[in-house]
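In the working numbering, the protein residues as written are 489 to 810.
What follows is one structure encoded as structure tokens, with my remarks underneath.
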Ligand SMILES: Cc1cc2nc3c(=O)[nH]c(=O)nc-3n(C[C@H](O)[C@H](O)[C@H](O)COP(=O)(O)OP(=O)(O)OC[C@H]3O[C@@H](n4cnc5c(N)ncnc54)[C@H](O)[C@@H]3O)c2cc1C
């Protein structure tokens with residue numbers, strides 16, 4: 489098991505900011521993962537499971553705990569036939585989505601442009617262009633802090649808009665403030681099982697089905713390229729969409745609308761900038777600190793509340809003491 493000390497988290501987050509993790513452990517097997525959790529317990533330190541760091545803001549002071557990254561056996565996809573797949577938590581979401589697409593399975597192909605891992609996607613219930621990872625997930629295996637493996641059914645996962653049961657009440661969690669300030673990660677997702685439906689329609693060959701799905705994905709990727717600042721370090725959407733309307737007529741409003749209307753596109757604090765391309769993205773425009781990014785997101789939130797009376801909720805997970 490590889491254990492690094494004082495590993496800069498800026499190397500492991502898409503914002504390219506974040507101070508050192510006291511310990512940084514790469515676990516390739518369940519045994520190694522259990523050893524990493526034991527290491528944390530022995531040192532009386534909290535632990536945190538890292539995916540690809542694409543929805544994460546780590547404090548400049550770093551994290552006085554054990555960051556666990558998964559590899560090896562967690563990077564495997566088992567294809568069990570007829571649309572059934574068991575996918576390790578470290579598998580890049582894009583790899584799985586594209587593999588399913590190539591076999592003509594629909595339901596998750598539009599998620600291929602999300603840069604996280606399967607574990608991070610399940611934790612966040614990542615979604616895009618009308619698809620969500622939770623929809624076709626039948627089971628999740630997770631390891632708790634006592635080393636017990638727990639199986640969650642789709643129902644148990646309680647998937648909602650950017651929510652899952654893996655975001656637990658975090659008040660007692662030593663990793664501290666994370667995700668909307670009140671929830672934290674306390675279990676490590678090991679793998680998830682999916683049952684996908686064939687997209688093949690009557691009169692269409694398998695090649696035509698795959699070509700149709702590829703065209704749909706290409707359209708989504710083109711939209712991403714046109715609307716997201718992919719050439720600058722960022723962590724995707726800063727805030728969640730707002731739920732409006734009634735139970736009968738729910739409506740989601742993009743935070744970017746309010747942020748833009750508030751005149752905040754291009755607004756900077758230190759090296760952090762509200763993207764000029766997409767108002768709901770904060771970018772590291774060069775030399776940003778985690779504090780710059782946090783201060784800017786707080787400023788945006790306060791300004792939008794003051795001008796429009798709406799409360800934005802942060803989507804990005806925060807780790808460490810700010
Ligand atoms: C350019 C860009 C575009 C994006 N577009 C989208 C989009 O369209 N839709 C969308 O939903 N998101 C999007 N995101 C955000 C991000 O990619 C997703 O939230 C993704 O699911 C995070 O996965 P990750 O592996 O990077 O998780 P991380 O950022 O590493 O972690 C996020 C949270 O997941 C937890 N986690 C990760 N792995 C595990 C595990 N194995 N067990 C338990 N908890 C775990 C972490 O502890 C943390 O709390 C985008 C980000 C970027 C940079």
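Every residue gets a Cβ at the ideal spot worked out from N, C-alpha and C, and that includes glycine.
Note that this is a predicted model, so its numbers are computed, not measured.
Inter-residue spacing [alpha-carbon to alpha-carbon] between residue i and residue j
i           : j           : result
residue 636 : residue 501 : 29 Å
residue 690 : residue 702 : 18 Å
residue 810 : residue 694 : 52 Å
residue 552 : residue 634 : 20 Å
residue 611 : residue 621 : 10 Å
residue 497 : residue 625 : 30 Å
residue 616 : residue 598 : 7 Å
residue 794 : residue 808 : 28 Å
residue 745 : residue 491 : 44 Å
residue 711 : residue 557 : 31 Å
residue 583 : residue 600 : 7 Å
residue 699 : residue 742 : 31 Å
residue 728 : residue 802 : 6 Å
residue 543 : residue 521 : 22 Å
residue 717 : residue 675 : 32 Å
residue 576 : residue 495 : 25 Å
residue 692 : residue 524 : 50 Å
residue 545 : residue 603 : 15 Å
residue 771 : residue 799 : 21 Å
residue 478 : residue 516 : The requested residue 478 does not occur in the structure, where the chain is confined to residues 489 to 810.
residue 804 : residue 685 : 31 Å
residue 588 : residue 687 : 11 Å
residue 642 : residue 563 : 22 Å
residue 797 : residue 530 : 47 Å
residue 662 : residue 707 : Any reading at residue 662 needs caution, since the residue's pLDDT is 41, under 50, leaving its predicted position unreliable; the model's value is listed next. Cα to Cα, residue 662 sits roughly 42 Å from residue 707.
residue 518 : residue 568 : 22 Å
residue 535 : residue 724 : 24 Å
Cβ neighbours of residue i in the same chain (closer than 7 Å, five flanking residues each side left out)
i           : result
residue 665 : Low confidence applies here, because residue 665 scores a pLDDT of 42, under 50, leaving its location unreliable; read the following figure in that light. Excluding positions up to five away in sequence, the list reads 806.
residue 758 : 776, 777 and 780
residue 871 : No answer is possible for residue 871: it lies beyond the span of the chain, which begins at 489 and ends at 810.
Contacting residues, own chain, Cβ-Cβ under 8 Å from residue i (five flanking each side not counted)
i           : result
residue 755 : 761, 762, 784, 787 and 788
residue 646 : 652 and 653
residue 638 : 629, 630, 631, 632 and 675
Environment of residue i [buried if 16+ CB atoms lie within 10 Å]
i           : result
residue 648 : exposed
residue 655 : buried
residue 749 : exposed
residue 722 : buried
residue 731 : exposed
residue 714 : exposed
residue 680 : buried
residue 619 : buried
residue 532 : exposed
residue 438 : This structure gives no information on residue 438, because the portion of the chain shown stretches from 489 to 810.
residue 697 : buried
residue 537 : buried
residue 726 : buried
residue 594 : buried
residue 509 : buried
residue 811 : Residue 811 lies beyond the residue range present for the chain, which begins at 489 and ends at 810; the question has no answer from this structure.
residue 605 : buried
residue 507 : buried
residue 719 : exposed
residue 592 : buried
Residue interval of the beta strand (DSSP E) (run including residue i)
i           : result
residue 537 : 535-538
residue 491 : 490-496
residue 805 : 805-807
residue 704 : Premise fails: residue 704 lies in the alpha helix (DSSP H), 694-715, not in any beta strand (DSSP E).
residue 630 : 625-631
residue 744 : First-last for residue 744: 743-749, but that is the alpha helix (DSSP H), not the beta strand (DSSP E).
residue 683 : 676-683
residue 509 : 508-515
residue 556 : 551-558
residue 724 : 722-725
residue 772 : 769-772
residue 502 : Per DSSP, residue 502 belongs to no beta strand (DSSP E) and is neither H nor E.
residue 761 : 760-762
residue 544 : 544-546
residue 567 : 565-567
residue 655 : 655-657
Endpoints, the alpha helix (DSSP H) within which residue i is located
i           : result
residue 796 : 778-796
residue 642 : 642-645
residue 519 : 518-530
residue 584 : 581-590
residue 577 : Segment: none, residue 577 is in no alpha helix (DSSP H) and carries neither H nor E.
residue 610 : 606-612
Within-9 Å CB hit, residue i to chain D
i           : result
residue 694 : This model lacks chain D altogether, as it is built from one protein chain only.
Contacting residues, own chain, Cβ-Cβ under 6 Å from residue i (five flanking each side not counted)
i           : result
residue 566 : 574
residue 572 : 683
residue 890 : Missing from the structure shown is residue 890; the chain here goes from 489 to 810 and no further.
residue 607 : 539, 577 and 677
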